[in-house]
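Colleague: I have a structure I would like to understand better, so I am pasting it below and will then ask my questions one at a time.
In our numbering, the protein residues as written are 67 to 202.
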């Protein structure tokens, strides 16, 4: 795989650049699919381990109940973790340990462009030059 610095040094034709970028795009899509499959399998195992089977654990109903109760427990655990993180972030912000987000000052030009009034009347009609068919 060539680096960006090597690509900048080489003179590639448009076709070569397209092939190179298409290959990178295919590799990125394969990598994304691989990461999604691994994450899905990890979450499935995690939900399965957290679940409790109702009835016979070897029956289809028992497996479905174990998986569904595991998903509910996993969602509850994740939402509680997120809530605790938000509370900790709020405590730090109120205690002054973390400065508030910076206020971005607008440039005078952007303010003028945004507040520019829209024309409320029509422009005067332009004069139409009449030509005779024989003058062409």
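In this text, a Cβ means the ideal position worked out from N, Cα and C, and glycines have one as well.
If residue 139 sits next to residue 116, beta carbons under 8 Å apart, how far is it from one beta carbon to the other, in whole angstroms?
Modeller: For the purposes of this step, residue 139 is taken as the residue at position 73 of the chain shown. For the purposes of this step, residue 116 is taken as the residue at position 50 of the chain shown. At roughly 4 Å, the Cβ-Cβ gap stays under 8 Å, so residue 139 and residue 116 are in contact.
Colleague: What distance in whole Å lies between the Cβ atoms of residue 137 and residue 113, which are believed to be in contact at a cut-off of 8 Å?
Modeller: The residue you call residue 113 lines up with position 47 of the chain shown. The residue you call residue 137 lines up with position 71 of the chain shown. Confirmed, Cβ separation roughly 5 Å.
Colleague: I'd like to know whether the C-beta atoms of residue 132 and residue 126 end up nearer to each other than 8 Å.
Modeller: Indexing the chain shown from 1 puts residue 132 at position 66. Indexing the chain shown from 1 puts residue 126 at position 60. Result no, Cβ atoms of residue 132 and residue 126 do not sit closer than 8 Å.
Colleague: Residues in the same chain with beta-carbon distance under 8 Å from residue 121, minus the five sequence neighbours each way, listed in chain order, please.
Modeller: Stepping through the chain shown from its first residue, residue 121 is reached at position 55. 127, 128 and 131, listed in sequence order.
Colleague: Whole angstroms are fine: how far does the CA of residue 151 sit from the CA of residue 161?
Modeller: Sequence index remark: in the chain shown, residue 161 carries index 95 (1-based). Sequence index remark: in the chain shown, residue 151 carries index 85 (1-based). Distance between the alpha carbons of residue 161 and residue 151: 15 Å.
Colleague: Assuming residue 135 and residue 118 are in contact, meaning their beta carbons sit under 8 Å apart, how far apart are those beta carbons, in whole angstroms?
Modeller: Indexing the chain shown from 1 puts residue 135 at position 69. Indexing the chain shown from 1 puts residue 118 at position 52. So it is a contact: roughly 5 Å between Cβ atoms.
Colleague: How big is the Cα-Cα spacing for residue 78 and residue 90?
Modeller: Counting from 1 along the chain shown, the entry for residue 78 is found at position 12. Counting from 1 along the chain shown, the entry for residue 90 is found at position 24. So the alpha carbons of these two residues sit roughly 16 Å apart.
Colleague: Taking the alpha helix (DSSP H) that residue 124 belongs to, which residues open and close that run?
Modeller: Here residue 124 is taken as the residue at index 58 of the chain shown, counted from 1. Counting along the chain, residue 124 falls outside any alpha helix (DSSP H), and DSSP gives it neither H nor E.
Colleague: Rounded to whole angstroms, what is the Cα-Cα separation between residue 102 and residue 153?
Modeller: Position 36 of the chain shown, counted from the start, is the residue given in the question as residue 102. Position 87 of the chain shown, counted from the start, is the residue given in the question as residue 153. Roughly 30 Å separates the two Cα atoms.
Colleague: State the start and end residues of the unbroken alpha helix (DSSP H) segment that holds residue 97.
Modeller: Along the chain shown, one-based indexing puts residue 97 at 31. Unbroken alpha helix (DSSP H) run through residue 97: 80 to 116.
Colleague: Among the residues of its own chain, which have a CB less than 8 Å from the CB of residue 147, if the five just before and after it don't count?
Modeller: Residue mapping note: residue 147 aligns to position 81 of the chain shown, counting from 1. There are no such residues.
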